[in-house]
Amino acid sequence: MSRRKKLYEGKAKILYEGPEPGTLVQYFKDDATALNGEKKATLEGKGVLNNRISEYIMVQLGHIGIPTHFIRRLNMREQLVRQVEIIPLEVVCRNVAAGSISKRLGIEEGQQLPRAIVEFYYKKDELNDPMVSEDHITSFNWATPQEIDDMMALTLRANDFLSGLFAAVNIRLVDFKLEFGRLYEGDMVRTVLADEISPDSCRLWDMETNEKMDKDRFRRDLGNVTEAYAEVARRLGVMKDMPRSVPDAPDEAAK
Ligand SMILES: Nc1ncnc2c1ncn2[C@@H]1O[C@H](COP(=O)(O)OP(=O)(O)OP(=O)(O)O)[C@@H](O)[C@H]1O
Ligand SMILES: [Mg+2]
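In my numbering, the protein residues as written are 53 to 307.
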């Protein structure tokens with residue numbers, strides 16, 4: 053690992069210089085953080101699971117024509133991706149009320165929303181990633197109107213597709229966060245999906261029991277975090293050559 057240049061170390065991943073220009077190696081750590089870094093833990097095996105789950109989802113999105121940064125998985129914890137210029141926004145798409153929308157607008161957690169709601173947050177840890185409007189985004193040149201349109205359209209397509217993909221394995225896609233980047237190809241620039249899609253960046257509830265199978269287990273001290281991620285991976289069928297088996301469902305006793 054020392055032969056590669058480390059370009060960035062974030063809370064959940066490390067980016068290394070890739071083998072060819074324009075590529076990066078994304079390394080998935082076991083670290084978990086919440087409350088903007090105030091709460092920290094190491095969850096053994098999380099990185100391996102997120103690498104697999106994110107690979108699977110990016111590949112499936114690629115199959116329906118959503119451009120992503122993903123090239124291929126390299127090993128248990130690493131994937132090769134295209135280097136992009138990250139648009140400094142987190143694009144959140146919600147189907148069911150949970151988390152900050154419930155808190156801010158007083159909508160009960162678990163309430164189905166009348167339609168998918170897309171929100172933009174400015175990626176700035178020091179400011180706690182504040183929600184911003186399209187006017188803020190274009191005024192401060194964080195993205196162009198065309199890029200906002202692209203991100204909206206890609207997010208809503210991803211939402212429809214992923215809602216179905218998860219529903220097929222008895223999981224409700226409550227909400228998720230996407231990051232997009234600019235991919236320069238000659239004098240062309242394309243908006244592509246970047247970063248990761250995993251239980252760290254989605255709210256996933258068991259369709260029947262509403263049991264949380266995502267990072268809220270960590271945020272809310274519900275226990276069995278890795279077990280829940282492993283169950284998501286198992287249901288998606290990405291566990292085939294994983295090293296060891298895991299319980300069928302998160303342990304009820306820990307709730
Ligand atoms: N294809 C890509 N090209 C360049 N940067 C990327 C790409 N995909 C993801 N990134 C960036 O790599 C970093 C991944 O690290 P990690 O998710 O651990 O960061 P983080 O701690 O969440 O911090 P940040 O606030 O920067 O997202 C993020 O900053 C993300 O925006
Ligand atoms: Mg991140």
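Quick reminder that beta carbons are idealized off the backbone N, C-alpha and C, glycines included.
For the pair residue 184 and residue 143, the CB atoms are not nearer than the 8 Å cut-off. Within the same chain, Cβ atoms closer than 8 Å to the Cβ of residue 74 are found at 134, 135, the five residues on either side in sequence being excluded. Residue pairing by DSSP leaves residue 110 without any beta bridge partner.
Looking at 129, 115, 223, 274, the one whose alpha-carbon comes closest to that of residue 98 is 129. Going by DSSP, residue 83 is part of the beta strand (DSSP E) stretching over 83–86. Here the C-alpha atom of residue 159 lies approximately 19 Å from the C-alpha atom of residue 272. Scanning the region 172–245 for uninterrupted beta strand (DSSP E) segments of 3 residues or longer gives 223–237, listed from N- to C-terminal end.
Linking residue 63 to residue 83 through their CA atoms gives a straight-line distance of about 7 Å. Taking all protein chains shown into account, residue 124 has fewer than 16 neighbouring C-beta atoms within 10 Å of its C-beta and is therefore exposed.
Residue 266 is a Cβ neighbour of residue 251, given a cutoff of 8 Å.
Closer than 7 Å to some heavy atom of ligand 1: that describes the Cβ of residue 231.
Contact annotation: residue 116 and residue 245 have beta-carbon atoms that are not nearer than 8 Å. Following the DSSP letters along the chain, one finds residue 284 in no beta strand (DSSP E) but inside the alpha helix (DSSP H) bounded by residues 277–288.
The set of residues whose C-beta lies within less than 7 Å of a heavy atom of ligand 1 reads, in chain order, 60, 62, 63, 64, 65, 67, 76, 78, 121, 133, 134, 135, 136, 138, 175, 177, 231, 233, 246, 247, 248. In terms of Cα proximity to residue 87, the closest of 179, 205, 293 is 179. With a 10 Å radius around the Cβ and a threshold of 16 neighbouring Cβ atoms, residue 192 comes out exposed. By the Cβ criterion, the region 219–226 is in contact with the region 144–153, since at least three pairs of Cβ atoms, one from each stretch, lie closer than 8 Å. Relative to the Cα of residue 285, the nearest Cα in the group 218, 235, 238 belongs to 218.
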